[in-house]
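Numbering (our numbering), first residue to last: 154 to 409.
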């Protein structure tokens, strides 16, 4: 997106054809709906694109919108600044957190008109102020980033490898003589599109099938788990793993 230019000089949303570097305008922003985006787009479930603009909308203070690429249409889903103390003029992109909850910043509004950090649920259109900024205003040249902090939890996994299993819930201890079978690669992916890889571990597999994370350090959220032994076909856990602070979880790949 651009913050100015195009038909109305209020910014545009564009796409690039990588085969010929051709730029195609998908949508021109205007003051009637929403205008002047100062950040990028965020993808959530069902390939849905969301973004924010710092101006335009019902109250002239910007809004949150969803984008339909099939019809090239913009749908405002939240309007900023309905009264003098409301957050105004959002800036930057929306950050996706647990369960597709989104987080962002505003430049103005709230205490001392210095902006805030907010939370938005795109499925219920619920908006909440998390923190009101009491220092200097955020500007286009001082856009901060949100980092979802990692938390510790204990995770135990159980898996048996074909070719190593000897029955009675045990495998050959091929790695040294300490009751270890081999190492396996365990990958944690975001549970929603585009299913980005978050972290990868190499762990020792015990002959009783257990793998221990004490602790496992990840941002709070839901994950899909892939287990891969050497060059074998990957195995995925059938349900999402929910990572919460100080939790104790057993994921048994051997159960139905």
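Note that beta-carbon positions come from the ideal geometry of N, C-alpha and C, so glycine has one too.
Bridge partners - residue i, DSSP secondary structure assignment
{"i": "residue 380", "result": "339 and 388"}
{"i": "residue 167", "result": "178"}
{"i": "residue 363", "result": "311"}
{"i": "residue 269", "result": "285"}
{"i": "residue 217", "result": "205 and 231"}
{"i": "residue 187", "result": "209"}
{"i": "residue 104", "result": "Only positions 154 to 409 of the chain appear in the structure, and residue 104 is not among them; the question remains open."}
{"i": "residue 393", "result": "DSSP, once it has assigned bridges, lists no residue as partnering residue 393."}
{"i": "residue 317", "result": "Bridge partners of residue 317: none, in fact."}
{"i": "residue 303", "result": "372"}
{"i": "residue 257", "result": "271"}
{"i": "residue 357", "result": "336"}
{"i": "residue 243", "result": "259"}
Beta-carbon proximity check, residue i vs residue j, cutoff 8 Å
{"i": "residue 335", "j": "residue 358", "result": "yes"}
{"i": "residue 325", "j": "residue 360", "result": "yes"}
{"i": "residue 187", "j": "residue 210", "result": "yes"}
{"i": "residue 339", "j": "residue 370", "result": "no"}
{"i": "residue 373", "j": "residue 304", "result": "yes"}
{"i": "residue 377", "j": "residue 342", "result": "yes"}
{"i": "residue 268", "j": "residue 240", "result": "yes"}
{"i": "residue 180", "j": "residue 166", "result": "yes"}
{"i": "residue 273", "j": "residue 231", "result": "yes"}
{"i": "residue 382", "j": "residue 319", "result": "no"}
{"i": "residue 312", "j": "residue 406", "result": "yes"}
{"i": "residue 196", "j": "residue 205", "result": "no"}
{"i": "residue 263", "j": "residue 238", "result": "yes"}
Buried or exposed by the 16-neighbour rule on C-beta atoms within 10 Å, applied to residue i
{"i": "residue 387", "result": "exposed"}
{"i": "residue 344", "result": "buried"}
{"i": "residue 447", "result": "With the chain covering only 154 through 409, there is no way to say anything about residue 447."}
{"i": "residue 271", "result": "buried"}
{"i": "residue 260", "result": "buried"}
{"i": "residue 207", "result": "buried"}
{"i": "residue 275", "result": "buried"}
{"i": "residue 215", "result": "buried"}
{"i": "residue 385", "result": "exposed"}
{"i": "residue 368", "result": "exposed"}
{"i": "residue 310", "result": "buried"}
{"i": "residue 249", "result": "buried"}
{"i": "residue 394", "result": "buried"}
{"i": "residue 163", "result": "buried"}
{"i": "residue 154", "result": "buried"}
{"i": "residue 403", "result": "exposed"}
{"i": "residue 314", "result": "buried"}
{"i": "residue 364", "result": "buried"}
{"i": "residue 316", "result": "exposed"}
{"i": "residue 362", "result": "buried"}
8 Å contact criterion, which residue i and residue j should meet: CB distance rounded
{"i": "residue 225", "j": "residue 201", "result": "Not really, about 15 Å apart at Cβ, beyond 8 Å."}
{"i": "residue 234", "j": "residue 212", "result": "5 Å"}
{"i": "residue 306", "j": "residue 408", "result": "About 21 Å separates the two Cβ atoms, so there is no contact after all."}
{"i": "residue 178", "j": "residue 159", "result": "6 Å"}
*Answer yes if the stretch 183-192 comes into contact with the stretch 239-248, meaning at least three C-beta pairs across the two stretches below 8 Å, and no otherwise.*
Under the Cβ criterion (8 Å, minimum of three pairs), the stretch 239-248 counts as touching the stretch 183-192.
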